[in-house]
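Numbering (my numbering) for the sequence shown: -5 to 331.
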Amino acid sequence: MSMKTEIPIFFTIDDSYAPYLGVALQSLVSNASDQYIYHIYIIYDSLSEENKGKLFSVVKGCLEKNDHTGVSNSGENRKKVDVRFVKMADTLQGIADRKENRLRCDYFTLTIYFRLFLADMFPRYDKGIYLDSDIVVPGDISKMYQVDLEDNIIGACRDHSIEDIPELIRYMEGAIGVDRTEYINSGILLLNMKKMREVDLSGHFLRLLHTYHFDCIAPDQDYLNAMCNGQICYLNRTWDVMPNPNQEPAKNPGLIHYNLFDKPWCYDDIQYEEYFWKYAQETVYFDELVKFKQNYSEKQKKDDAQHMDDLIEKSDRLSCAEGTFRKIEKSGVKIKL
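Structural data, given as structure tokens:
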């Protein structure tokens, strides 16, 4: 009897993102291959017992539905998925709510940094997958896991959601010091956890953070780009398809990532919204998600538009500012691992 390969998958959330994680889990488990064992770790700083129960029920419901269809319903062919909730250690408590640590220029959450510490938290794994919660996975995630990272630190997709915004392009190249064709989105990561430990990625990050407090557009993402550039395996873009009204929609996406403000639970006519609602309606969060969208106010929409304008303005300003990743590295400081 052959042993199935284990695939560790990590999410990092708080209570506010539990409903979207519910949809992500529904899609991921529904489309997972039965040839692997999936260990899903939900890393949190604050998560209610109610949401833990709901998220567990989503996975349990997917597995029960799979069994009842008569497909892969016995022995070695049954899907094997377990969910574990892990409270984040105090490693990040020193990261304050400063303007340079805010995501999208509008809010602060420690959860965006958790991914940088996964290799240290889980030394039993040499490889794993990190996923943001604002996603759906209509493809088989094991195919992404099978990609050979070789000696690279991470695998990720180029950030196609912002590749046609001139101010953000100038920011990537002027502030981060990364070519526009090499800047990755950190919401979907294939982790070489063994290599992350070898190069002390988390320690290097904390030293840079506490020494320079780099002003960022997307803090965890910009640090990863600056530190890992040159040691990144670029994944096929099907594993991080993001809404972009200026581009033709992708056919048969493996993973859809509702990045920035393109959230189907806030707005109508978002690219790939049909995938989200297909899986949302199968979860215990469906009514809550529908109500949230119905109540999403004009003020909130205006605030989103303002935050996007602020992000673009800030990125343009930082592209030629002092104290950026690029300029500090040029001064002789080691930024890249």
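Using N, Cα and C, we set each Cβ at its ideal position, and we do this for glycine too.
Keep in mind it's a predicted model, so treat the numbers as computed, not measured.
- If you draw a straight line from the Cα of ASN253 to the Cα of SER155, it is about 8 Å long.
- In the same chain as ASP214, and ignoring 5 residues on each side of it, the C-beta atoms closer than 6 Å to its own belong to ILE106, TYR107, SER180, in chain order.
- Taking C-beta separations shorter than 7 Å and ignoring five residues to either side along the sequence, the partners of ALA244 in its chain run THR232, VAL235, following chain order.
- Excluding residues up to 5 positions away in sequence, ILE34, PHE50, VAL53 lie with their Cβ nearer than 6 Å to the Cβ of VAL77 in the same chain.
- Contact check for VAL130 and ILE250: beta-carbon distance about 5 Å, within the 8 Å limit, so the pair qualifies.
- Listed in chain order, the non-local C-beta contacts of THR318 below 6 Å within the same chain comprise ALA169, local neighbours out to five positions each way being set aside.
- In chain order, VAL130, PRO132, ILE250 place their CB closer than 7 Å to the CB of TYR269, counting only its own chain and leaving out the 5 sequence neighbours on each side.
- Within the region 270 to 294, the complete alpha helix (DSSP H) segments of 4 residues or longer fall at 280 to 288, listed in chain order.
- Here the alpha carbons of VAL17 and SER291 stand approximately 23 Å from one another.
- In the DSSP assignment, LEU19 falls within the alpha helix (DSSP H) that extends over 12 to 24.
- Counting along the chain, ALA113 sits inside the alpha helix (DSSP H) bounded by residues 112 to 115.
- Between ILE329 and ILE211, the alpha-carbon positions lie close to 18 Å from each other.
- Excluding the 5 residues flanking it on each side, PHE280 has same chain C-beta neighbours closer than 7 Å at ALA274, in chain order.
- Per DSSP, LYS121 is one residue of the beta strand (DSSP E) stretching across 121 to 125.
- GLU43 is bridged by DSSP to nothing; it lacks a bridge partner.
- Going by C-alpha positions, ILE36 is about 14 Å away from ALA113.
- TYR217 and ARG201 have their C-alpha atoms some 12 Å from each other.
- ILE36 is bridged by DSSP to PHE5, PHE79.
- For ALA315, there is no enclosing beta strand (DSSP E), as DSSP marks it with neither H nor E.
- Boundaries of the alpha helix (DSSP H) around ILE135: 135 to 139.
- In this structure, the CA atom of TYR261 is about 46 Å from the CA atom of GLY326.
- As DSSP reads the structure, HIS251 sits in a beta bridge with ILE129.
- Around the beta carbon of THR277, 16 or more other beta carbons sit within 10 angstroms, so the residue counts as buried.
- In the three-state reduction of the DSSP assignment, LEU143 falls in the coil class, being assigned neither a helical nor a strand state.
- Here GLN265 is buried: its Cβ has 16 or more other Cβ atoms, across all protein chains shown, within 10 Å.
- Each of MET187, SER136, ILE182 was checked against the Cα of ASP145, and the nearest Cα belongs to MET187.
- Between the C-alpha atoms of LEU331 and LEU57 there is a straight-line separation of about 41 Å.
- From the listed residues ILE178, PRO237, LEU283, ASN246, the smallest Cα separation to ASP263 is found for PRO237.
- If you compare the alpha carbons of LYS137, LEU195, GLY47, ASN223 with that of TYR177, the shortest gap goes to ASN223.
- Per the Cβ contact rule, the region 297 to 316 is in contact with the region 156 to 166 (3 or more Cβ pairs under 8 Å).
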